[in-house]
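*Asks:*
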Ligand SMILES: Nc1ncnc2c1ncn2[C@@H]1O[C@H](COP(=O)(O)OP(=O)(O)OP(=O)(O)O)[C@@H](O)[C@H]1O
Ligand SMILES: [Mg+2]
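Protein chains in written order, with UniProt numbering: chain C, 1 to 216; chain X, 1 to 356.
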């Protein structure tokens, strides 16, 4: 029975799934941490914005496979190092999120920011307790795109030997074993759905005020 | 005390928003900045808490130049209420109000207790504490704005058109309450409006600005209405200023007796005032016969004895279907009647007093 393949390889599938999650989501976290200050700078300064946002968009257009292959030459890693994938996906995440952060911060009503300043907030604390929380809905939207896009891009890494569940594609293809390929597709799809759902949930929990108007 | 000394604000684009302003805002009083749109009221106000820096001249609060020292520190000591309230949409009402105490380093429990206390002061029901601003009406949001500004008990309160976005009825009640609060708290309040009625109602002193950021007149409201400094002020204060002036005269008016009837009683000829079992006015009926509920016409405005002004007395007379204005006591019970003639006689008497 071909279906036996799945229960027999549960351990391997779990391992690949874990690797996939790490490869896809660690870049999301690092990218977020990097994108927030860059986006903040872009939102606060028109000249910076006109440079940073298009530059970020250009980064996103670099084909992922090219980036995986070129990176070792640039950052001095070995060609099969998983770090290549992490760095590449971090770059994509930053590219996606800089625009989200800049847009999200730009959408915070200036009246509210002015009120915060007039209450006696200094810029740093104002950013953390007023601007950032109000930017969360737009930010979550950006994070969802970044996370799902990373989950799918990790599989491309399989072509250079580090691709989490993507390895099921290369292997299944080489062995001419469709079940393995289908399993990979289904697992990646499920992972994307679960992560996306979790982000939606985090967004909802952290923005109770956005639904306040409706049930008043 | 807040002083403007030779203050000019020129924006980078060349706009002169405030031009050579010299003005002293007295401590413990309400000073109103009024004038047409774009005349520099907001800019002047925002120079007090350093949201705008003067190009020339100095602004001092209690003798200290606002430009010296830490702006955040300065602002925590100055309450600020803006149009549309400017509340934090992501914070509950309680946390909005607790903003400045928390910035000043109070612990959470104390800041929240203070917020609850202030909700009561400004007349907000306690169950609103956990709500978000979007769940409140415009008038309630303005109350939150006032409570937030008062939270750390600052000696100075800046209010920029705080009541302009609410309907006239709510605005009036917010104004009344501000006056009541001020009676208790005695803050130094600078209040910006473009509504001259609001200005003369709330201000101990009123500063009229003209376009270009020049101070046209700075006086007590009564003086402003009596003796506008020039044609601009005269035009701005408006045609009704004689009528508005009535608001500043509060002579006791002689009341005439006003018998009342109840629904089901038999009314005499002419107009009769219908009152409820407690003696509170309900409306008027005209003509002889049994008083039917359906025949009762709504009454005019009421003049409250003692608290009211000649303006409200005159309005009571003019708005009453019978031409007799209804005066009520502090509990809302009918105290007597007055006519427009009575008000005009009282006005003439007070003029004679003033001239003497
Ligand atoms: N940041 C700014 N840059 C350039 N010009 C400004 C700025 N802020 C205000 N102005 C200009 O300064 C003048 C005074 O503005 P201000 O906001 O003080 O008027 P205002 O009296 O409060 O008017 P309103 O009743 O409409 O609120 C206006 O001509 C306005 O366009
Ligand atoms: Mg203004």
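Don't be surprised by glycine CBs; every beta carbon is placed ideally from N, CA and C.
Please state whether DSSP places residue 80/X in a helix, a strand or coil.
*Replies:* Residue numbering aside, residue 80/X sits at position 80 when the second chain is read from its first letter. Strand, per DSSP.
*Asks:* Using CA coordinates, which residue listed in 215/X, 212/X and 245/X is at the minimum distance from residue 223/X?
*Replies:* Sequence index remark: in the second chain, residue 223/X carries index 223 (1-based). Looking at the Cα atoms, 245/X is the closest of the given residues.
*Asks:* Ligand 2 and residue 201/X: does any heavy atom of the ligand fall closer than 7 Å to the residue's C-beta?
*Replies:* Reading the second chain from its first residue, position 201 is the one you call residue 201/X. Residue 201/X: no, Cβ never under 7 Å from ligand 2.
*Asks:* Taking 7 Å as the cut-off, does the CB of residue 8/X come closer than this to any heavy atom belonging to ligand 1?
*Replies:* The residue given as residue 8/X occupies position 8 in the second chain. No, ligand 1 has no heavy atom inside 7 Å of this Cβ.
*Asks:* Whose C-beta lies closer than 7 Å to the C-beta of residue 107/C among residues of the same chain, with five residues either side of it excluded?
*Replies:* Counting from one through the first chain, the residue named residue 107/C turns up at place 107. Hits under 7 Å: 138.
*Asks:* Return the chain-ordered ranges of every beta strand (DSSP E) run that is complete within the stretch 19-100 of chain X and spans a minimum of 3 residues.
*Replies:* Runs of the beta strand (DSSP E) inside the stretch 19-100 of chain X: 30-34, 56-61 and 78-82.
*Asks:* For the beta strand (DSSP E) containing residue 245/X, name the first residue and the last one.
*Replies:* Taking the second chain and counting its residues from 1, the one referred to as residue 245/X is at position 245. Looking at the DSSP string, residue 245/X is not in any beta strand (DSSP E); the run it does join, the alpha helix (DSSP H), is 241-245.
*Asks:* Should residue 205/X be listed as close to ligand 1, given that the test is whether its C-beta is under 7 Å from any heavy atom?
*Replies:* Residue mapping note: residue 205/X aligns to position 205 of the second chain, counting from 1. Flag unset: Cβ of residue 205/X not near ligand 1.
*Asks:* For the beta strand (DSSP E) that contains residue 154/X, what are its first and last residues?
*Replies:* Working through the second chain from its first residue, we reach residue 154/X at position 154. For residue 154/X, there is no enclosing beta strand (DSSP E), as DSSP marks it with neither H nor E.
*Asks:* Going by C-alpha distance, which of 92/X, 109/X, 203/X and 177/X is nearest residue 33/X?
*Replies:* On the second chain, residue 33/X is found 33 positions in, with the first residue counted as 1. Nearest C-alpha to residue 33/X: 203/X.
*Asks:* Using only Cβ atoms and a threshold of 7 Å, which residues come within that distance of a heavy atom of ligand 2? Order them by chain position.
*Replies:* 41/X, 42/X, 160/X, 161/X and 192/X
*Asks:* Between 325/X, 314/X and 293/X, which has its C-alpha nearest residue 299/X's C-alpha?
*Replies:* Counting from one through the second chain, the residue named residue 299/X turns up at place 299. Measuring from the Cα of residue 299/X, the nearest candidate turns out to be 325/X.
*Asks:* Exposed or buried, residue 156/C, counting other C-beta atoms within 10 Å across all chains shown (16 or more means buried)?
*Replies:* The residue given as residue 156/C occupies position 156 in the first chain. Buried: at least 16 other Cβ atoms inside 10 Å.
*Asks:* Taking residue 25/X as the reference, give the member of 131/X, 334/X, 142/X and 59/X with the closest Cα.
*Replies:* Stepping through the second chain from its first residue, residue 25/X is reached at position 25. If we check each option's Cα against that of residue 25/X, 59/X comes out closest.
*Asks:* In chain order, what residues of the same chain lie with their CB nearer than 7 Å to the CB of residue 254/X, ignoring the 5 residues before and after it?
*Replies:* By one-based count along the second chain, residue 254/X stands at place 254. Result list for residue 254/X: 342, in chain order.
*Asks:* What span of residues does the beta strand (DSSP E) with residue 335/X cover, start to end?
*Replies:* Numbered from its first residue, the second chain carries residue 335/X at position 335. Its beta strand (DSSP E) spans residues 334-338.
*Asks:* So residue 232/X and residue 210/X are supposed to be a Cβ contact under 8 Å. How far apart are they, rounded?
*Replies:* Counted from its first residue, the second chain places residue 232/X at position 232. Counted from its first residue, the second chain places residue 210/X at position 210. Rounded to the nearest angstrom, the Cβ distance from residue 232/X to residue 210/X is 5 Å, consistent with a contact under 8 Å.
*Asks:* Any idea if residue 215/C is buried or exposed, counting beta-carbon neighbours within 10 angstroms, 16 or more meaning buried?
*Replies:* The residue given as residue 215/C occupies position 215 in the first chain. Residue placement at residue 215/C is flagged as unreliable, the pLDDT there being 49, under the threshold of 50; a coordinate-derived value is accordingly withheld.
*Asks:* Note down, in chain order, each residue of its chain lying with its Cβ closer than 8 Å to the Cβ of residue 149/C, except the 5 sequence neighbours on either side.
*Replies:* Stepping through the first chain from its first residue, residue 149/C is reached at position 149. Here the set comprises 92 and 96.
*Asks:* Do you know offhand how far residue 192/C's Cα is from residue 144/C's?
*Replies:* Walking along the first chain from the start, residue 192/C turns up at place 192. Walking along the first chain from the start, residue 144/C turns up at place 144. Going from the Cα of residue 192/C to the Cα of residue 144/C covers about 9 Å.
*Asks:* Throw me the rounded Cβ distance for the residue 296/C and residue 5/C pair, which I believe falls under 8 Å.
*Replies:* Only positions 1 to 216 of chain C appear in this structure, which leaves residue 296/C out of reach.
*Asks:* Within 8 Å of any Cβ in chain C, is that where the Cβ of residue 45/X sits?
*Replies:* Counting from one through the second chain, the residue named residue 45/X turns up at place 45. Closer than 8 Å: no.
*Asks:* Please list the terminal residues of the continuous alpha helix (DSSP H) segment that includes residue 319/X.
*Replies:* For the purposes of this step, residue 319/X is taken as the residue at position 319 of the second chain. Per DSSP, residue 319/X belongs to the alpha helix (DSSP H) from 310-319.
*Asks:* Within the continuous alpha helix (DSSP H) that includes residue 173/C, where are the two ends?
*Replies:* Here the question's residue 173/C lines up with position 173 in the first chain. Residues 166-174.
*Asks:* Is it buried or exposed for residue 69/X, if we count other Cβ within 10 angstroms and need 16 for buried?
*Replies:* For the purposes of this step, residue 69/X is identified with residue 69 of the second chain, where counting begins at 1. Classification of residue 69/X: exposed, given that the 10 Å Cβ count is below 16.
*Asks:* For residue 345/X, I'd like the list of residues in its chain whose CB is within less than 6 Å of its CB, leaving aside the five on either flank, ordered along the chain.
*Replies:* The residue you call residue 345/X lines up with position 345 of the second chain. Counting only Cβ-Cβ distances below 6 Å, and skipping sequence neighbours, we find nothing.
*Asks:* Compute every distance between the C-beta of residue 232/X and the non-hydrogen atoms of ligand 1, then say whether any falls below 7 Å.
*Replies:* Stepping through the second chain from its first residue, residue 232/X is reached at position 232. The answer is no for residue 232/X.
*Asks:* Is it buried or exposed for residue 48/X, if we count other Cβ within 10 angstroms and need 16 for buried?
*Replies:* If you number the second chain from 1, residue 48/X lands on position 48. Burial call: buried.
*Asks:* Could you pull the DSSP bridge partners for residue 290/X from this structure?
*Replies:* For the purposes of this step, residue 290/X is taken as residue 290 along the second chain, with counting starting at 1. Residue pairing by DSSP places residue 290/X opposite 266/X in a beta bridge.
*Asks:* Report the rounded CA-to-CA distance for residue 33/C versus residue 78/X, giving the unit in angstroms.
*Replies:* One-based indexing of the first chain puts residue 33/C at position 33. One-based indexing of the second chain puts residue 78/X at position 78. Taking the straight line joining both Cα atoms gives about 35 Å.
*Asks:* Excluding the 5 residues preceding and the 5 following residue 103/C in the sequence, name in chain order all residues of the same chain whose CB lies nearer than 7 Å to its CB.
*Replies:* Translated into positions along the first chain, residue 103/C becomes position 103. Only 138 meet the Cβ criterion.
*Asks:* Would you say residue 216/C reaches chain X, if we count a Cβ-Cβ gap shorter than 8 Å as a contact?
*Replies:* Within the first chain, residue 216/C is the residue found at index 216, counting from 1. In this prediction, residue 216/C has a pLDDT of 43, which is less than 50 and means its spatial position is unreliable; what the coordinates show is noted afterwards. Residue 216/C counts as touching chain X.
*Asks:* Please report the straight-line C-alpha distance between residue 121/C and residue 39/C, rounded to a whole angstrom.
*Replies:* Looking up residue 121/C in the first chain gives position 121. Looking up residue 39/C in the first chain gives position 39. Distance between the alpha carbons of residue 121/C and residue 39/C is about 20 Å.
*Asks:* Is the shortest distance between the beta-carbon of residue 5/C and the beta-carbons of chain X less than 8 Å?
*Replies:* Indexing the first chain from 1 puts residue 5/C at position 5. No, its Cβ sits nowhere closer than 8 Å to a Cβ of chain X.
*Asks:* Cutting at 7 Å between CB atoms, please list the residues of its own chain near residue 282/X, excluding the five before and the five after it.
*Replies:* As a working note, residue 282/X is residue 282 in the second chain. For residue 282/X, where only same-chain residues beyond five positions count, the Cβ hits under 7 Å are 274, 275, 276 and 296.
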